[in-house]
Structures are given as C-alpha cells and as structure tokens.
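A.B. asks:
In mature numbering (1 follows the signal peptide of the UniProt record, and there is no 0), the protein residues as written are -26 to -1, 1 to 318.
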C-alpha cells in the first residue's frame, strides 16, 4: 500500500513553477459571483472563509488549492487523505469519516458547503438537501462530475450516456478557485493535471504488445465471493482511464456502478483486471490482496487469460470515482502495466 500511495506524490517545485507561470493570467473574482452548478444558480457574495469539504473529492480539491486555513470542517472519508495533503488536512477539523448530520455542519457556521456526491447534497441526500442550506443562507457547490441522471437506471448512483472526461474535473477546480479568488492556484493545478494526462497519452501511443487495444475490468468490491461484483461502468472514471491508456472498458453498462455476475465477467474476458485498494473495512474483498487471492484460487476465474497471464494490477479505489484522484489512478495502472510489458 505504501508503494501505491507514493505514486500520488507530485513535485512541489513543479507546482510552484506552474503557479508562477499562471499567476499573471488569472483574473481576480468580482463579487457577488453567480454560477450555474448542476442545474442550480448559486450566488457567492464573497470569498468563503469558513468552508466545509463534504466528501473526499471536494475536501482534497480544497486542500490542493491550499485553502486549509479557510476550512472549518470535512466529512465523509472512505479512504485516507492523499499523503501529500496529510499535513494540511491535519489543520482542519474532522466532523466525521461517515455521513455528518445537517446540525453538526451548521454548528461550524459555514459560509460554503462543497460536496462531492448527490448522496451528500442531492434531492435524496442522506445528509441535507441544497435548499436546506439555502434557507439558512449557506451557498453550496456540488461536483459537476457527479451530476448524473438517476431516472434512466435503477442504479442509485445514476448513469452516463457519454464518457466522463477530465474537462469536468478542470471545471470543478476552476470554479472553486474562482469562488475562493485563488485562480492562480487553480490554473496551476489544472496545468499539472493536463501535463500528466499528456504524458500518459504519449506513453500509450503504441498500446499493447499485440497492437490491439487492451480491455479493462475495474473491480471496486464485492460483499462476498459468491456475490456480484461492483465494477466501474462504461462511461465513468474507469472508462476514462481505459480510454486514456489507449484501451476500452470491458463493461458495456452505462450505469455508474453496475453490479455484474462473475459469469458475465468471464464472458467479457477482460485483458486486464484492475483491483481496487480501499481503506474502509466494510467487506473482506475491499482489500486488494483479497481480490487477487480470490481471482487466482477460484476454479473458474483462475482460468481467465488475464489471471493466468498475471495481468492484474492494483489501483486506489477512490480513483475509480470521477475526481481529483482519477488521473493519479491512471498513472498507477500505467506504471504497473509497463512493468508487466503490457504497455511500451
């Protein structure tokens, strides 16, 4: 796990250089700032000073923008914070690693709640609805990457009819940096991610030793070996990573997180199996080593060509969700595939 987490680290000197190069190009925010966010018009009267990062992705973007001194709390952490953000995160109050209550957030007197998921701030939220915060004068911001249609599928996480792209991540970083009037930091962070993206695409121009695109199965977790697998859907972050690495997602479902039986996975015959590594302890198969052990010992799955050829790689499970970790996750997969000789 230490080796996996180390792949998240990026050079502070490079970030500082990008910051300097972009500072002159970033215009100051004029308040009140009005943004359309996931179908809702939100007004920000001034730069927030008491923000809450509700959900891992939102909190980590705020920390990457260096806004820890303007945060009064974070909540809902399925995984540990990225290593390079640990010191900054330690300065911010942790409300809970699970779902917070509406009252516990209001107790911090926030002037912005930035949320990562509709389940945290949507019409069926387990925490609160946007209008609940609106009634008490607290502006909200929901990650554009997770504004999904939940009517076309029974999947509570929604579905996508087109491939998620990093443009939505860059939109989120740009808009949050404008809300806080730190556009120079936002543009520097976007430039860093764009450089990483370009490097990955350049690496896989000749994808695969056979000349054929690799197909990927992104296995998030399963309640038990006999249960169906939660996998990354065709058009989610997993599909983006497969595309970025010159391949395809072996799963055809447009649902964000479809559950798929192992018979269907065997029929899909993925060329590479990406096993999520999760910090939570909900199920035994949250652990990547448990996933690998199951794949290599199950009589049917062990006969999959990908398993027999050891084309199994491990990736941070949070990178399978669209957000700030996704490109880092693609780097993890690419480095392992290169070591296996599956990428040149």
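Think of the CB as a built atom: it goes at the ideal place given N, C-alpha and C, for glycine as much as any other residue.
#1: Could you check the C-alpha separation between residue 51 and residue 242 for me, to the nearest Å?
#2: Short of 7 Å in beta carbon distance, which residues of its chain neighbour residue 195, apart from the five on each side in sequence? Order them along the chain.
#3: Note down the Cα distance separating residue 38 from residue 163, rounded to an integer number of angstroms.
#4: Roughly how many angstroms separate the alpha carbons of residue 306 and residue 300, rounded to a whole number?
#5: Near residue 403, which residues of its chain fall below 7 Å by C-beta distance, leaving aside the five closest residues on each side in sequence?
#6: How many angstroms separate the CA atom of residue 87 from the CA atom of residue 98?
#7: Just list the beta strand (DSSP E) runs in the region 74 to 99, keeping only unbroken ones of 3 residues or longer that don't cross its boundaries, in chain order.
#8: Quick check: the Cα distance between residue 183 and residue 312, rounded to an integer number of angstroms?
#9: Based on the DSSP secondary-structure assignment, which residues constitute the bridge partners of residue 247?
#10: Along the chain, where does the alpha helix (DSSP H) containing residue 294 start, and where does it finish?
#11: Closest to residue 49 by C-alpha separation, out of 34, 58 and 218, would be which residue?
#12: My output table needs one value for residue 220: the three-state DSSP class, helix, strand or coil.
#13: What is the DSSP secondary structure of residue 5, reduced to helix, strand or coil?
#14: Leaving aside the five residues before and after residue 144 along the sequence, list all residues of the same chain whose C-beta is less than 6 Å from its C-beta, in chain order.
#15: Is it true that the region 212 to 231 meets the region 261 to 275, where meeting means three or more beta-carbon pairs spaced less than 8 Å apart?
#16: From the DSSP output, which residues share a beta bridge with residue 204?
#17: Which residue comes first and which comes last in the alpha helix (DSSP H) that contains residue 70?
#18: Taking all protein chains shown into account, decide if residue 120 is buried (16 or more other Cβ within 10 angstroms of its Cβ) or exposed.
#19: So does the region 56 to 71 actually touch the region 2 to 21, counting three or more Cβ pairs closer than 8 Å?
#20: Quick one: complete alpha helix (DSSP H) runs, 4+ long, within the region 43 to 70?
#21: Under the assumption that residue 175 contacts residue 218 (Cβ atoms under 8 Å), give the Cβ distance between them as a whole number of angstroms.
#22: State yes or no: is the C-beta of residue 22 within less than 8 Å of the C-beta of residue 147?
C.D. replies: Walking through what the data contain:
#1: By 1-based counting over the chain shown, the position of residue 51 is 77. By 1-based counting over the chain shown, the position of residue 242 is 268. Rounded to whole angstroms, residue 51 to residue 242 spans 33 Å at the Cα level.
#2: The residue given as residue 195 occupies position 221 in the chain shown. The answer, listed in chain order, is 204, 250, 252, 257, 259 and 260.
#3: Taking the first residue of the chain shown as 1, we reach residue 38 at position 64. Taking the first residue of the chain shown as 1, we reach residue 163 at position 189. Taking the straight line from one Cα to the other gives about 8 Å.
#4: Counting from one through the chain shown, the residue named residue 306 turns up at place 332. Counting from one through the chain shown, the residue named residue 300 turns up at place 326. Their backbone Cα atoms lie some 10 Å apart in a straight line.
#5: This structure cannot speak to residue 403, because the chain is shown only from -26 to 318.
#6: On the chain shown, position 113 is the one that residue 87 refers to. On the chain shown, position 124 is the one that residue 98 refers to. Distance between the alpha carbons of residue 87 and residue 98 is about 17 Å.
#7: 86 to 89
#8: The count along the chain shown starts at 1 and reaches residue 183 at position 209. The count along the chain shown starts at 1 and reaches residue 312 at position 338. Residue placement at residue 183 cannot be trusted, given a pLDDT of 47 that sits under 50; what the coordinates show is reported in the next sentence. So the alpha carbons of these two residues sit roughly 10 Å apart.
#9: Here the question's residue 247 lines up with position 273 in the chain shown. Its beta-bridge partners are 191 and 286.
#10: As a working note, residue 294 is residue 320 in the chain shown. Unbroken run through residue 294: none, as it is neither H nor E.
#11: For the purposes of this step, residue 49 is taken as residue 75 along the chain shown, with counting starting at 1. Checking every option, the nearest Cα to that of residue 49 belongs to 34.
#12: Taking the first residue of the chain shown as position 1, residue 220 is located at position 246. Residue 220 falls in the coil class under three-state DSSP.
#13: By one-based count along the chain shown, residue 5 stands at place 31. The answer is coil: DSSP assigns residue 5 none of H, G, I, E or B.
#14: On the chain shown, residue 144 is found 170 positions in, with the first residue counted as 1. Contacts found: 164.
#15: no
#16: As a working mapping, residue 204 is identified with position 230 in the chain shown. Residue 204 pairs with 195 and 233.
#17: Looking up residue 70 in the chain shown gives position 96. Not the alpha helix (DSSP H): residue 70 falls in the beta strand (DSSP E), residues 68 to 70.
#18: Numbered from its first residue, the chain shown carries residue 120 at position 146. Buried is the call here.
#19: no
#20: 60 to 63
#21: Position 201 of the chain shown, counting from 1, holds the residue named residue 175. Position 244 of the chain shown, counting from 1, holds the residue named residue 218. About 7 Å; that satisfies the 8 Å criterion.
#22: As a position in the chain shown, residue 22 is number 48, starting the count at 1. As a position in the chain shown, residue 147 is number 173, starting the count at 1. Cβ atoms of residue 22 and residue 147: not closer than 8 Å.
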